[in-house]
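A short write-up of the structure that comes next.
Residue numbers (the working numbering): 17 to 179.
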(Lines of atoms letter the chains of each structure in order from A; the text may use other names.)
(Lines give C-alpha, C1' and ligand atoms only; values in the text may rest on other atoms or scores of the structure.)
Protein backbone atom coordinates (compact mmCIF):
# COMPACT_ATOMS: atom_id res chain seq x y z
CA UNK A 17 0.00 0.00 0.00
CA UNK A 18 1.19 3.51 -0.74
CA UNK A 19 2.41 5.57 2.20
CA UNK A 20 0.10 8.39 1.13
CA UNK A 21 -3.37 8.56 -0.32
CA UNK A 22 -3.48 11.25 -3.02
CA UNK A 23 -6.91 12.83 -2.98
CA UNK A 24 -7.66 12.31 0.71
CA UNK A 25 -8.75 15.66 2.14
CA UNK A 26 -6.39 17.26 4.64
CA UNK A 27 -9.15 17.22 7.26
CA UNK A 28 -8.94 13.41 7.24
CA UNK A 29 -5.14 13.32 7.06
CA UNK A 30 -4.90 15.72 10.02
CA UNK A 31 -7.40 13.80 12.17
CA UNK A 32 -5.67 11.41 14.61
CA UNK A 33 -8.14 8.65 13.74
CA UNK A 34 -5.87 6.36 11.72
CA UNK A 35 -4.88 2.74 12.30
CA UNK A 36 -3.15 -0.02 10.40
CA UNK A 37 -5.18 -3.04 9.38
CA UNK A 38 -4.73 -6.76 8.90
CA UNK A 39 -7.39 -7.65 6.38
CA UNK A 40 -10.48 -5.97 7.82
CA UNK A 41 -9.19 -6.03 11.41
CA UNK A 42 -7.83 -2.78 12.90
CA UNK A 43 -4.41 -2.83 14.53
CA UNK A 44 -2.21 -0.19 16.14
CA UNK A 45 1.06 0.92 14.60
CA UNK A 46 2.79 -1.62 16.88
CA UNK A 47 0.61 -4.51 15.66
CA UNK A 48 -1.58 -4.79 18.76
CA UNK A 49 -5.37 -4.67 18.45
CA UNK A 50 -7.03 -1.29 17.91
CA UNK A 51 -10.60 -0.42 18.86
CA UNK A 52 -13.10 1.92 17.21
CA UNK A 53 -14.20 3.03 20.69
CA UNK A 54 -10.75 3.61 22.19
CA UNK A 55 -8.99 6.70 20.78
CA UNK A 56 -5.83 5.74 22.67
CA UNK A 57 -5.35 2.93 20.13
CA UNK A 58 -5.42 5.28 17.12
CA UNK A 59 -2.60 7.24 15.53
CA UNK A 60 -1.82 10.10 13.21
CA UNK A 61 -1.62 9.55 9.48
CA UNK A 62 2.17 10.06 9.61
CA UNK A 63 2.55 7.40 12.32
CA UNK A 64 0.43 4.93 10.36
CA UNK A 65 2.31 5.66 7.12
CA UNK A 66 5.63 4.98 8.91
CA UNK A 67 4.47 1.63 10.33
CA UNK A 68 5.02 -1.70 8.56
CA UNK A 69 2.37 -3.59 10.52
CA UNK A 70 -0.51 -5.18 8.68
CA UNK A 71 -1.66 -4.93 5.12
CA UNK A 72 -2.92 -1.36 4.89
CA UNK A 73 -4.62 1.61 6.49
CA UNK A 74 -7.90 2.10 8.28
CA UNK A 75 -9.89 5.09 9.53
CA UNK A 76 -12.05 5.38 12.63
CA UNK A 77 -15.33 7.19 12.07
CA UNK A 78 -16.80 9.74 14.45
CA UNK A 79 -16.25 13.38 15.39
CA UNK A 80 -18.15 14.36 12.25
CA UNK A 81 -16.53 11.83 9.88
CA UNK A 82 -19.03 9.46 8.25
CA UNK A 83 -19.06 6.74 5.62
CA UNK A 84 -21.75 5.30 3.40
CA UNK A 85 -20.83 1.71 2.50
CA UNK A 86 -22.47 0.47 -0.70
CA UNK A 87 -22.31 -3.33 -0.91
CA UNK A 88 -22.62 -5.10 -4.28
CA UNK A 89 -22.37 -1.72 -6.04
CA UNK A 90 -19.91 -2.72 -8.79
CA UNK A 91 -20.69 -5.32 -11.46
CA UNK A 92 -18.44 -8.07 -12.85
CA UNK A 93 -17.16 -5.71 -15.57
CA UNK A 94 -16.01 -3.24 -12.91
CA UNK A 95 -18.73 -0.68 -13.62
CA UNK A 96 -20.75 1.04 -10.92
CA UNK A 97 -24.32 -0.29 -11.00
CA UNK A 98 -27.25 2.02 -11.75
CA UNK A 99 -28.69 1.95 -8.21
CA UNK A 100 -25.27 2.83 -6.77
CA UNK A 101 -24.78 5.66 -9.29
CA UNK A 102 -28.16 7.04 -8.19
CA UNK A 103 -27.04 6.97 -4.55
CA UNK A 104 -23.72 8.63 -5.46
CA UNK A 105 -25.66 11.44 -7.16
CA UNK A 106 -27.39 12.04 -3.83
CA UNK A 107 -24.01 12.34 -2.09
CA UNK A 108 -22.28 14.97 -4.26
CA UNK A 109 -18.69 15.70 -3.43
CA UNK A 110 -18.14 12.59 -1.31
CA UNK A 111 -14.77 10.86 -1.46
CA UNK A 112 -15.48 7.54 -3.22
CA UNK A 113 -13.28 4.48 -2.78
CA UNK A 114 -13.59 0.86 -3.93
CA UNK A 115 -13.84 -1.49 -0.96
CA UNK A 116 -11.57 -4.47 -0.33
CA UNK A 117 -13.99 -6.82 -2.11
CA UNK A 118 -13.79 -4.75 -5.29
CA UNK A 119 -17.59 -4.91 -5.56
CA UNK A 120 -18.40 -2.32 -2.92
CA UNK A 121 -17.86 1.41 -2.53
CA UNK A 122 -17.14 3.63 0.46
CA UNK A 123 -18.33 7.24 0.30
CA UNK A 124 -16.73 9.51 2.91
CA UNK A 125 -18.36 12.72 4.10
CA UNK A 126 -19.46 14.58 7.22
CA UNK A 127 -22.47 13.83 9.39
CA UNK A 128 -23.45 14.06 13.04
CA UNK A 129 -22.74 11.06 15.23
CA UNK A 130 -25.61 8.59 15.33
CA UNK A 131 -26.08 4.83 15.50
CA UNK A 132 -25.26 2.95 12.32
CA UNK A 133 -27.96 1.78 9.95
CA UNK A 134 -28.29 -0.79 7.20
CA UNK A 135 -30.95 -1.29 4.55
CA UNK A 136 -31.45 -2.96 1.17
CA UNK A 137 -31.26 -0.84 -1.96
CA UNK A 138 -31.43 -2.16 -5.52
CA UNK A 139 -29.68 -5.52 -5.58
CA UNK A 140 -27.25 -4.31 -2.95
CA UNK A 141 -27.15 -2.88 0.51
CA UNK A 142 -26.39 0.48 2.06
CA UNK A 143 -24.70 0.77 5.43
CA UNK A 144 -24.30 4.16 7.10
CA UNK A 145 -21.84 4.85 9.90
CA UNK A 146 -20.81 8.05 11.65
CA UNK A 147 -19.38 6.90 14.97
CA UNK A 148 -17.45 4.10 16.64
CA UNK A 149 -16.78 2.29 13.37
CA UNK A 150 -13.60 1.17 11.60
CA UNK A 151 -13.38 1.37 7.82
CA UNK A 152 -10.68 -0.65 6.04
CA UNK A 153 -9.34 1.74 3.42
CA UNK A 154 -7.92 0.59 0.08
CA UNK A 155 -6.70 3.85 -1.47
CA UNK A 156 -8.47 2.84 -4.71
CA UNK A 157 -10.27 6.16 -5.07
CA UNK A 158 -12.62 6.98 -7.91
CA UNK A 159 -12.20 10.71 -7.31
CA UNK A 160 -10.29 13.32 -5.34
CA UNK A 161 -11.86 15.95 -3.10
CA UNK A 162 -10.40 18.92 -1.25
CA UNK A 163 -12.96 18.85 1.56
CA UNK A 164 -15.59 16.38 2.65
CA UNK A 165 -19.20 17.38 2.04
CA UNK A 166 -21.89 17.44 4.70
CA UNK A 167 -24.19 14.49 3.99
CA UNK A 168 -27.12 16.35 5.54
CA UNK A 169 -29.21 17.51 2.63
CA UNK A 170 -28.03 16.87 -0.91
CA UNK A 171 -31.38 15.29 -1.74
CA UNK A 172 -30.87 12.15 0.31
CA UNK A 173 -33.31 11.95 3.19
CA UNK A 174 -31.01 10.32 5.74
CA UNK A 175 -33.17 11.32 8.66
CA UNK A 176 -36.16 9.55 7.10
CA UNK A 177 -34.23 6.43 6.06
CA UNK A 178 -32.24 6.15 9.26
CA UNK A 179 -35.07 6.91 11.68
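Glycine is no exception: its CB is placed at the ideal position from the N, C-alpha and C atoms.
| task | Report back the beta-carbon spacing between residue 25 and residue 164 to the nearest angstrom; my notes put them in contact at under 8 Å. | result | Sequence index remark: in the chain shown, residue 25 carries index 9 (1-based). Sequence index remark: in the chain shown, residue 164 carries index 148 (1-based). The pair is a contact, with the Cβ atoms about 6 Å apart (cut-off 8 Å).
| request: May I have a chain-ordered list of the alpha helix (DSSP H) segments no shorter than 4 residues that lie completely inside the segment 60-90? | output: 61-66
| query | Pick from 125, 130, 117, 108: whose alpha carbon is nearest that of residue 75? | reply | On the chain shown, residue 75 is found 59 positions in, with the first residue counted as 1. If we check each option's Cα against that of residue 75, 125 comes out closest.
| residue 143 lies in the beta strand (DSSP E); which residues open and close that run? | Locating residue 143 in the chain shown gives position 127, where the first residue counts as 1. Counting along the chain, the beta strand (DSSP E) containing residue 143 begins and ends at 140-145.
| Based on the DSSP secondary-structure assignment, which residues constitute the bridge partners of residue 125? | Residue numbering aside, residue 125 sits at position 109 when the chain shown is read from its first letter. Partner(s): 82.
| request: Please state whether DSSP places residue 101 in a helix, a strand or coil. | output: Taking the first residue of the chain shown as 1, we reach residue 101 at position 85. Helix.
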